[in-house]
Structures are given as C-alpha cells and as structure tokens.
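Undergrad: Protein chains in written order, with the working numbering: chain A, 1 to 402; chain B, 1001 to 1211.
1) Please tell me whether residue 1069 of chain B has its Cβ less than 8 Å away from any Cβ of chain A.
2) Taking C-beta pairs closer than 8 Å, name the residues in chain B that residue 91 of chain A reaches, listed in chain order.
3) Taking the alpha carbon of residue 142 of chain A as the point to measure from, which residue in B/1194, B/1071 and B/1028 has its own alpha carbon closest?
4) Check residue 1190 of chain B in the structure and name its three-state DSSP category.
5) What does the Cβ neighbour count give for residue 1197 of chain B, buried or exposed, with the cut at 16 atoms within 10 Å?
6) So, are the CB atoms of residue 179 of chain A and residue 185 of chain A less than 8 Å apart?
7) Compare the C-beta of residue 1009 of chain B against all C-beta atoms of chain A and say whether one is closer than 8 Å.
8) Pick out the complete alpha helix (DSSP H) segments inside the region 71-129 of chain A, 4 residues or longer, and give them in chain order.
9) Measure the C-alpha to C-alpha separation of residue 1015 of chain B and residue 1136 of chain B and round it to an integer number of angstroms.
10) If we define contact as Cβ-Cβ less than 8 Å, is residue 143 of chain A a contact residue for chain B?
11) Could you work out which residue in B/1086, B/1177, B/1067 and B/1050 is closest to residue 1007 of chain B when comparing CA atoms only?
12) Is the beta carbon of residue 262 of chain A closer than 8 Å to that of residue 276 of chain A?
13) Are the region 10-17 of chain A and the region 351-368 of chain A touching, with three or more C-beta to C-beta distances below 8 Å?
14) Between A/175, A/267 and A/102, which lies nearest to residue 118 of chain A when the distance is taken from Cα to Cα?
15) So that I know if they touch, is there some Cβ in chain A lying closer than 8 Å to that of residue 1086 of chain B?
16) Go through its chain and collect everything with a Cβ distance to residue 1114 of chain B's Cβ below 7 Å, but skip five positions before and after it.
17) For the alpha helix (DSSP H) that residue 147 of chain A lies in, which residues bound it at each end?
18) Three or more C-beta pairs closer than 8 Å, one from the region 300-307 of chain A and one from the region 147-154 of chain A: is that the case here?
19) Whose Cβ in chain A lies nearer than 7 Å to the Cβ of residue 1143 of chain B?
20) Return the CA-CA distance between residue 126 of chain A and residue 159 of chain A, expressed in angstroms with no decimal places.
21) Can you look up residue 949 of chain B in the DSSP assignment and give me helix, strand or coil?
22) According to DSSP, is residue 1050 of chain B part of a helix, a strand, or is it coil?
23) Confirm, please, whether the CB-CB distance from residue 22 of chain A to residue 38 of chain A is below 8 Å.
24) Taking 8 Å as the CB-CB cut-off, is residue 1 of chain A touching chain B?
25) Measuring CA to CA, which of B/1063, B/1123 and B/1094 is closest to residue 1201 of chain B?
26) Along the chain, where does the beta strand (DSSP E) containing residue 276 of chain A start, and where does it finish?
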C-alpha cells in the first residue's frame, strides 16, 4: 500500500529529560518502531547539555526551546511551551516537504501542538493517553483541573485513534471523555529486559549488604511516596509481616508523604527495619530489583503499573493490589500475587506467602519473566503500533484530506 | 492579475466589541473588499453570531474555544489559537494552497500566525493596536512576561509591523528592538484609503500585488 511510514512523535519528555513514565515509553517505542522500518521524528523539550538535534538509535530527535520565563502556573507553562513546540515542529515538517504521514501526541501536555499540526498539514493525529487528570485527582474539583480535563477531552476528540496502555485505561478514558468504543485501542506498555540481563552474571552480595543483613529478606517498594501509590498500606502491613519472617523494607522514591511515613515507623519502633533511599539512578534500581525477594506495588490508582513489569523483568516475585492496570499485568498464583486494594492485612498475607515458600516464589518468578518476554516486549508493541498507523492511513487515504 | 488573498486575525470583531480594535478592523476589511482584495476575517465567536457570514463581501469565520473552562485570558487565548489555525488552513487548502498574507491585530493570535508561516510559508503582518508594557503600566509578573514574549515573537517573525503613530514605532523599537525599516506607520485615518496598507501587504514575500 505504501512505502516507509514516517511519524512525528510529540512528547514533553525524552531522555535525558526524565520526569515520569512518558520519557522511557516514547524512547523505547520510537527506537523499536525505527527497527521495524518506520521513520520517527521526535519533537521534545530541551534539556541542559542535550543537543538540539541528534539521531538516537535510528530516531531523529529535535529538542525545542521550551518556555523558560517564570510561568504563572504549570498548565500555563504547558500551553506556552506548546507555542514553541508547534512553531518548531511546523518548520521541521515544512523542511521535509511536508512528508509526514502521522502525528502522534503523548498526553495533554502536547495537545495544542498536535492538534494545530494536524490541521495545518491535514495529517491524521493519534493520541496516547497515559493518565488522566480525573484519575490523578480522583475527581475534578477546581477550574484548573477542569481546564486540563477539557484539554484532554479535546485531544481525544481530535485524534483519529486513542491508544491506552491497559484495558482498564481504555474503559476509564472512554468513560471520562465519552468516546465511541471503536476510537480506542489497547496496546500495552513494555519493558526492556536487556538492561536486566546485562547484570545477570554479577555477584550482588556486597551490593545487597548495603541495604540488608544476609538473613533479612528484602521487600522492595518503588514509586512516588504519594497517597495514590499506596505506600502507607505497605507501612501498615510491616508489623504483620515481621511476625512471620525477618525482613528489611526498602522504599525507593520521594514524595510528600515521606515525613509522615517515617514518623509512623519510628512510632512503631521499627526504624531499623526500613530504609528510605530517596530517588536512585536506573543502574542501582535494577540491581536492587534483582536483589529483592519480593517487590510490592500496593497502588490505589494505577493506569498501568510499569514498576510491576520491571520487577518481573528483574525476576523478582511481585505482590500487587488488584487495581487498574495491575489487575491485568498479574495473573494471580501464576505470574504474581494479587491482594485486596487498600488492605494491609491482605498485603501482609501476600508478602509472607511469597517469602515463606521459595518453591512458590520461583514458580511465579519464572512464569512472570516468560510473560514479560512474550507480551510486553517492545518489538511486539512496535508492531502493534505500526499496524494501527497502517489502518489509520488506510482510512485516511479515502478521506478528502488525502 | 489574480485578486489578492488576505486573512485578518482579530480577537474582537463586530458585533463583539471589546475596545477600539473591532470597528477599526471592520473598517479595514470593508475597504479592502472595495479595493478588490479577497478578504477573510478570523475572529472569536461568542454565540451571538453564526460561525460564518459574508456581510459586505467580508468573509468572516468565527471560532469557539474547544476548552470551555479557563483560569485566565492567557490560557483562553492559547487554546483558541488552534481553531484559528484550523479555519485558516481550511481557507488555504480551499484556495488550492494559496494565501498571500495574514494580518494579525495585537498579540492574541500571533502563535497561529507564526505556525502558519513556518508550516505553510504564509507571511504575516503584525498590526499593533497596543502593547502589554503600556496596558499593564510596566508590571512584570509572569503573566505580563508571557504576553510580552508573544509580542516579541510576533515582532521577530513578522514580515512587517504596522503601527498607528510615530510614538508607537519608537516604543516598539525601545521595547523590542525592532529594526525601524521593518515598521510602517499608518494612522487610522490614512488606513481608510487602504493604499498604504496594500503597499505593506504587497511588500511581504507572498504578496502578489506587484506581480
């Protein structure tokens, strides 16, 4: 039907600029698409020390001058940044003789630029919705939030297809914006297993000893220390777990709940059983995940749950709350343990079940790793994405814009 | 000679009158039509009017804001720009990919004008009615700064700047260091004859008047 498809990805973050999950997602998706014969141009915000134009793993990356004056608030900054992003992206498309087939925007953060480019060049727009304001805030309470919510709605309205990373997010997004079902597509998020395999042969004993005594099991939590991630549920489960087994709780990440949590732990007299590492680099995190005897993801709201997949790739058994995207990633008693949401006793039960039965732990560990390789590998995800591009272009070719 | 194709951007246009700009732009558009210029106006629609009309030969498109809830005029303006782009792109494609010049009045729709210039090679003229420095009496909060940065972008990217007095020309130079040869002073009275306005349009890259 056509030669090489070319796509312009719009994202507010791309390595080395890493703020949340969109950056690694777009990085892995773009380079996997490039490997599968798609020409990818990424347009993203600049970052100190990163070049304005470079080729990364076959992907052309353009870093635009994001708005750097003080801004009244975050949302206004986003709209101002979009003025620059749209301007630069329009110039890039024009310099390519306007030969871009698809514009692919990630979240409302680049909605304006994506929608503007769609109409200026009359090309189909595809949106990936990673998260929603109504989900993040558990409802819409202020005009500021409603404005973001309506911007998200506008992006999904203008998009030819809306991609979500889990079935949970598909139904959530369909409900939040009242979309027709056939506009939504589920393509899972992925995890790259190679970086974990790299350290397979490494002796991690001395690394491990920085965090725990040899006789202590390591129970790992990775995430922002905020209410929706459920770290408080884990903290409340600590005494129940320690009744059954000797363990060290390693908590990675920062957030507004940190002080409150350390207070609770001190009050319980368990300060020696918990380590707060703060934010750590990827390499250290991967080693820690490999050392973890169990990885816990007790989220109350979770669009996808990439941290569970990463643990599975690191061959660490996972215990997750039965919520959002986590419910789909983990098959109970096969690739992990599911426990009740916001339920410390249930969580303690799940953790001890894994820690007290090494045969069971090994069983879910190897099943989980196989599942990651088969279902969540980036090559497969790139192929699924490419087939969406192809079907959209097929429909587009019959439209009066073509 | 083909008729010249001009699109005027203004955030106010009768019957929506906020300040002086609305009637000035209407006068200009009517006079352009009388001088055989195919004239489009793209403006904001606040439900008192339809989305399109052709009163007196001026083809007027009125766009709504796709985001209804806002925290200020800045976010309101910045989300309205995409619909200005959409309508203008439609004019461009319907005219078999041609538009000679965009005349953008004040800062509101400068982002759209800049994107259309970068993407579709349509030059624009920035007509200055007033500047943020004077409107805000020198205030320099992040809000004022953002509007000033948009005014700066407009002055930098515009093919020509049209101002209404020598004083404004000097202010544009003082505040934004615009090269004086880029600035044309046309008083509202003179603008009615449209001769000098058409000269400015014709001097831009896409202008066809001289051909």
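Glycine included, every Cβ here is placed at the ideal spot set by N, Cα and C.
In this text, all values refer to a predicted model and were calculated from it rather than measured experimentally.
TA: Checking against the coordinates, here is how it stands:
1) Residue mapping note: residue 1069 of chain B aligns to position 69 of the second chain, counting from 1. True, the Cβ-Cβ gap to chain A drops below 8 Å.
2) Residue numbering aside, residue 91 of chain A sits at position 91 when the first chain is read from its first letter. Within chain B, the residues near residue 91 of chain A are 1118 and 1119.
3) As a first step, residue 142 of chain A must be located in the first chain, where it is residue number 142. The shortest Cα separation from residue 142 of chain A among B/1194, B/1071 and B/1028 belongs to B/1071.
4) Residue numbering aside, residue 1190 of chain B sits at position 190 when the second chain is read from its first letter. The answer is helix: DSSP assigns residue 1190 of chain B an H, G or I state.
5) Your numbering for residue 1197 of chain B matches position 197 in the second chain. Buried.
6) Position 179 of the first chain holds residue 179 of chain A. Position 185 of the first chain holds residue 185 of chain A. Cβ atoms of residue 179 of chain A and residue 185 of chain A: not closer than 8 Å.
7) For the purposes of this step, residue 1009 of chain B is taken as residue 9 along the second chain, with counting starting at 1. So no, residue 1009 of chain B is outside the interface.
8) 74-95 and 111-121
9) The count along the second chain starts at 1 and reaches residue 1015 of chain B at position 15. The count along the second chain starts at 1 and reaches residue 1136 of chain B at position 136. Residue 1015 of chain B and residue 1136 of chain B: Cα-Cα distance of roughly 26 Å.
10) Looking up residue 143 of chain A in the first chain gives position 143. So yes, residue 143 of chain A belongs to the interface.
11) Taking the second chain and counting its residues from 1, the one referred to as residue 1007 of chain B is at position 7. When only C-alpha atoms are compared, the closest one is B/1086.
12) Your numbering for residue 276 of chain A matches position 276 in the first chain. Your numbering for residue 262 of chain A matches position 262 in the first chain. Closer than 8 Å, so yes.
13) no
14) Here residue 118 of chain A refers to the residue found at position 118 of the first chain. Of the candidates A/175, A/267 and A/102, the one whose C-alpha sits nearest the C-alpha of residue 118 of chain A is A/102.
15) Stepping through the second chain from its first residue, residue 1086 of chain B is reached at position 86. Yes, residue 1086 of chain B counts as interfacial toward chain A.
16) Against the second chain, residue 1114 of chain B aligns to sequence position 114. Closer than 7 Å at Cβ, skipping near neighbours: 1153 and 1157.
17) For the purposes of this step, residue 147 of chain A is identified with residue 147 of the first chain, where counting begins at 1. Here the alpha helix (DSSP H) through residue 147 of chain A covers 143-158.
18) no
19) For the purposes of this step, residue 1143 of chain B is taken as the residue at position 143 of the second chain. Within 7 Å Cβ-Cβ: 72.
20) Mapped onto the first chain, residue 126 of chain A falls at position 126. Mapped onto the first chain, residue 159 of chain A falls at position 159. Distance between the alpha carbons of residue 126 of chain A and residue 159 of chain A is about 5 Å.
21) Residue 949 of chain B lies beyond the residue range present for chain B, which begins at 1001 and ends at 1211; the question has no answer from this structure.
22) Taking the second chain and counting its residues from 1, the one referred to as residue 1050 of chain B is at position 50. Note: residue 1050 of chain B maps to coil in three-state DSSP.
23) Position 38 of the first chain, counted from the first residue, corresponds to residue 38 of chain A. Position 22 of the first chain, counted from the first residue, corresponds to residue 22 of chain A. No, these two residues do not count as a Cβ contact at 8 Å.
24) Counted from its first residue, the first chain places residue 1 of chain A at position 1. Legend: pLDDT at residue 1 of chain A = 46, less than 50; position of this residue unreliable, value from coordinates given subsequently. Not closer than 8 Å to any Cβ of chain B, the Cβ of residue 1 of chain A fails to qualify, so no.
25) Residue 1201 of chain B sits at position 201 when you count from the first residue of the second chain. The residue with the shortest Cα to Cα distance from residue 1201 of chain B is B/1123.
26) Residue numbering aside, residue 276 of chain A sits at position 276 when the first chain is read from its first letter. Here the beta strand (DSSP E) through residue 276 of chain A covers 274-278.
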